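The structure under discussion appears below in the form of structure tokens.
Protein chains: 2
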Amino acid sequence: MAKPKKTPRPKAQTPKGFRDYFGAEVSERAEMLQRIAGVYHRYGFEALESSAVETVEALGKFLPDVDRPNEGVFAWQDEDDSWMALRYDLTAPLARVYAQHRNALPTPYRRFAMGPVWRNEKPGPGRYRQFYQCDADTVGAANVAADAEICAMLSDTLEAVGIPRGDYVVRVNNRKVLNGVLETMGLDDASQREAVLRTIDKFDKVGEGGVRDLLGKGRLDASGAYIDGVGLSDAQADPVVAFLTSKGATASATLANLRDAIGGSSIGAEGVNELETIATLLEAGGYDAARIDIDPSVVRGLGYYTGPVFEAELTFEILDEKGRKRQFGSVSGGGRYDDLVKRFTGQEVPATGVSIGVDRLLAALREKGRIASQEVGPVVVTVMDRDRMADYQAMVADLRNAGVRAEVYLGNPKNFGNQLKYADKRNAPVAVIEGGDEKARGIVQIKDLVLGAKIAQSATLEEWKERPSQFEVPRDQLVSKVREILDAQ
Amino acid sequence: MAKPKKTPRPKAQTPKGFRDYFGAEVSERAEMLQRIAGVYHRYGFEALESSAVETVEALGKFLPDVDRPNEGVFAWQDEDDSWMALRYDLTAPLARVYAQHRNALPTPYRRFAMGPVWRNEKPGPGRYRQFYQCDADTVGAANVAADAEICAMLSDTLEAVGIPRGDYVVRVNNRKVLNGVLETMGLDDASQREAVLRTIDKFDKVGEGGVRDLLGKGRLDASGAYIDGVGLSDAQADPVVAFLTSKGATASATLANLRDAIGGSSIGAEGVNELETIATLLEAGGYDAARIDIDPSVVRGLGYYTGPVFEAELTFEILDEKGRKRQFGSVSGGGRYDDLVKRFTGQEVPATGVSIGVDRLLAALREKGRIASQEVGPVVVTVMDRDRMADYQAMVADLRNAGVRAEVYLGNPKNFGNQLKYADKRNAPVAVIEGGDEKARGIVQIKDLVLGAKIAQSATLEEWKERPSQFEVPRDQLVSKVREILDAQ
């Protein structure tokens, strides 16, 4: 008989560009999202969890073909040969859900969604092919009161998760104002308008001078390559630069500057009026310019959104990878887009919304010390005598019933050193020990592992004597003594 | 120039077998999972969120081929032609994660995981191709103390989410005991043992008589088809039936019955000893037989698990789809399986765990009235005068700052009837109205919509007069009056 072929062992690896999240990474994110959901809910937004899988037809943006089905999305064919794909964001599913359920849903429909999305892209350092998004959108409200509300909610959300007032600002701009500027310039050529938009998008990076060069003849970029300009004259570029730099000391000063920049354009006037309304509404809600500010230098999203555009920036400084101080930067962006549902129904439905960068906001909270760098582990009850497991289980039951996170050592108890190593790996604050001798005397040993580690690191003999890190207490005082130690740590 | 072809509009539909979850459906599940996570965490279990996508190689069970890549799982090829798939459960990813990270993880490793899994199966009523699982497993602990702990945790979890003591029981059995029975019977033929296992699996449905028939000559099933039996004699079938019906009035009586059933089998004795240890440990932890019970009639999973097997059943009665009373039934199951990581490393690693049926447990909580059938909506501030949106925004800001869920009507305010219809669709408890007249007098109108609905349904004119459902209050008493009404509802 032929020997059966040995199949090689499978590799224990996540697919390329995917990762796993452990312990505190999971619970910290869950807690942050729960706080965000609390604010959204208070604002009347309803949770929506759409299916992770969509038909490619409904998803729209990246239509796969058979030769290369994975352009941008992870896609495959169902048994009936129709294409399905993992969602790449939470907006495309919202469009599908709203079109599908519009008769059952209230209008306007405020909804929030949180969950993973998938991108079939080349992974890089810190760039994964699965990551979390957290969105809130209002569908069916044309009034810019909906945009103002989103900005207010964003401000409340940042404070609710632990970004103090003064450490963030929500900046608001409006695409219609830019359209007004372009109209006034007489820039009717669509490709030139596109080129101007692409240039403006670089304002963050290249600044006023760079934008001026790029609107004109072009410039050398950092790598030494020459970037062609749009070819406008200096005079033609002026209104665009005026728009980008029109931020004044107050909202009314900014609005006055914008009115100058748009000249006689009616779409521009509409945009400035919208910004004025937003400013008035936010002031009435108690949001001052230190929290939410009209700022035409916000350029991200101007090419995508059709009306108000917003961005939340964290203004405190961190050190970048090269040790230089810089502002933490953007953690959220959004705006108004009015063609959400049209693909499905032919009807234009106004919508506005915001997306929070979950990983970046988590990183900011770590930066601000709002999230502990390492979670405290459970109390570990060690096993001195394997036949008395019931005694140890009773101890952990007592601790857990008192709300203390606790576990009994479940590995091979033969080597006690391994048990303490385990407690260390678990980041346990306390270990409990009860050998036969202790049992006979009705006591347990409690080891303060946090204090023990401190003493081992730095304390002199005197300190050690004064504050022992191990205590002997009657068994019936186990819970109260453990609690006392945990409270003191 | 040829007219561009009109592409047909995409259908706004979830893919076949998928669905969306709205509002309370999402938050109720999130809240339940959060409570479960709280108990698991207290027991020292660590959260794990593995990637939703695995290599097919690591997933193992359903290896796709190119002709039919979607057998059981949703699978596709990555750019490098390697196969990837959506996870079909949370156990296969645990095996991969443990094998991949075993040097960094503590041993034993207690972990819990919650999240969607995907099955490429034919959908049916209530059967979706994406659903939630919620698992807890201990990897690397051979001691049955780990199994006892899982049972205790399951009991605590059910009570924590709102299943009262007395309405559930966790039943424990052991595959090794059954192996002992089969050994004692001299049933060495592997295919016959398999057939006996398959038969036992039907014990829930066909009962003792049915199992006897199926172990012997066979029987007519409900549809009238004849099901062949295993072909054992009545005497041969006796030990199997004795095993299944060995539950006594106490754990010790059950254990004594089991010792009889296994005869001289050493594997059987090992199994009975394990059950005895589990019973002792649970008693020490304060879990009596009304909560966790040794019960050899638990057959689900006996074919899969290698040691202790557990199942949580809800014992209260509900009416089934035909209006007949029946017990709610199983909401969770688990057991010990010792070949988890072997596929990857060649090393046998003991593991035990439990999985909670998220949707079934949610249904049970609804059945017990622990989850409201309809969530109360937000307070709706109506818009009587579209130019005074700032006033209305200030009202919702006041309400929200006081922790009251509130929203302003953001649709077209022209038709006031539509605003009240919207409030109704939102299930709003209260509507706030402030027209020009009220504004001038410094007051607002507050409408108690819950009371209003009651009055509209049933009240006589007298009652209506006594308890008006609409109040006039000074603007600065808006928040306190709304709170008063909400508290009374």
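Protein chains in written order, with this note's numbering: chain H, 134 to 622; chain L, 134 to 622.
Ideal Cβ placement from N, Cα and C applies to all residues, glycine included.
Please read these numbers as outputs of a predicted model, since none were measured by experiment.
About 28 Å separates the Cβ atoms of Arg574 of chain L and Gly510 of chain L, ruling out a contact at the 8 Å cut-off. Our two residues, Thr478 of chain L and Val189 of chain L, have alpha carbons roughly 17 Å apart in a direct line.
DSSP links Cys284 of chain L through a beta bridge to no other residue. The C-alpha of Gln263 of chain H lies about 6 Å from the C-alpha of Pro249 of chain H. Within the same chain, Val516 and Arg519 come within 6 Å of Pro546 of chain L by CB-CB distance, once the 5 residues on both sides are set aside. With at least 16 other beta carbons inside 10 angstroms of its own, Glu567 of chain L counts as buried. It is roughly 14 Å from the alpha-carbon of Ala232 of chain H to the alpha-carbon of Thr271 of chain H.
Beta-bridge analysis with DSSP links Met517 of chain H to no other residue. In the DSSP assignment, Met522 of chain L falls within the alpha helix (DSSP H) that extends over Met522 to Asn534. The Cβ of Phe449 of chain L sits no closer than 9 Å to any Cβ of chain H. Among the CB atoms of chain L, one or more fall inside 9 Å of the CB of Gln167 of chain H. Val172 of chain H is not a Cβ neighbour of Met247 of chain H, given a cutoff of 9 Å. Assignment of beta-bridge partners to Phe155 of chain L by DSSP yields H:Leu181. Under a criterion of Cβ atoms nearer than 7 Å, the residues of chain L adjacent to Ser160 of chain H are, in order, Ala180. Rounded to the nearest whole angstrom, the C-alpha separation of Asn307 of chain L and Glu481 of chain L is 20 Å. With fewer than three CB-CB distances shorter than 8 Å, the segment 370-387 of chain L does not count as touching the segment 463-479 of chain L. In terms of Cβ geometry, Ile588 of chain H and Ile618 of chain H do not form a close pair [threshold 9 Å]. Beta-bridge partners assigned by DSSP to Lys580 of chain H: H:Ala564 and H:Gln603. Under the three-state reduction of DSSP output, Lys338 of chain H falls in the helix class.
In the displayed model, Gly349 of chain H falls within coil according to three-state DSSP, outside both helix and strand.
Classified as exposed, Asp620 of chain H has fewer than 16 neighbouring CB atoms from the shown chains inside 10 Å of its CB. Taken through DSSP and simplified to helix, strand or coil, Asp426 of chain L comes out as strand. Checking the DSSP bridge columns, you'll see Leu452 of chain L partnered with L:Lys458.
Under the three-pair Cβ rule at 8 Å, the segment 309-316 of chain H counts as touching the segment 400-408 of chain H. Annotation: Ile400 of chain L to Ala535 of chain H spans about 39 Å, alpha carbon to alpha carbon. Burial is judged here by how many other beta carbons sit within 10 angstroms of a residue's own beta carbon; Arg229 of chain L has at least 16 and is buried.
Between the alpha carbons of Ala281 of chain H and Arg503 of chain H lies a gap of roughly 28 Å. Contact annotation: Thr240 of chain L and Gly544 of chain H have beta-carbon atoms nearer than 9 Å. Shortest Cα-Cα distance from Ala422 of chain H to any of H:Ser288, H:Gly257 and H:Leu611 involves H:Ser288. For the pair of segments examined, the segment 173-189 of chain H was found to touch the segment 211-221 of chain H: the number of CB pairs separated by less than 8 Å reaches three. In the three-state scheme derived from DSSP, where H, G and I count as helix and E and B as strand, Gly440 of chain L is classed as coil.
In chain order, Ala180, Phe245 and Met247 place their CB closer than 8 Å to the CB of Ala170 of chain H, counting only its own chain and leaving out the 5 sequence neighbours on each side. With its beta carbon less than 9 Å from one in chain L, Pro148 of chain H belongs to the interface.
For the pair Arg476 of chain H and Asp211 of chain H, the Cα-to-Cα distance works out to about 23 Å. Look at the segment 362-379 of chain H: it has no residue with a C-beta under 9 Å from a C-beta of chain L. Three or more beta-carbon pairs separated by less than 8 Å link the segment 326-340 of chain L to the segment 425-432 of chain L, which places the two stretches in contact.
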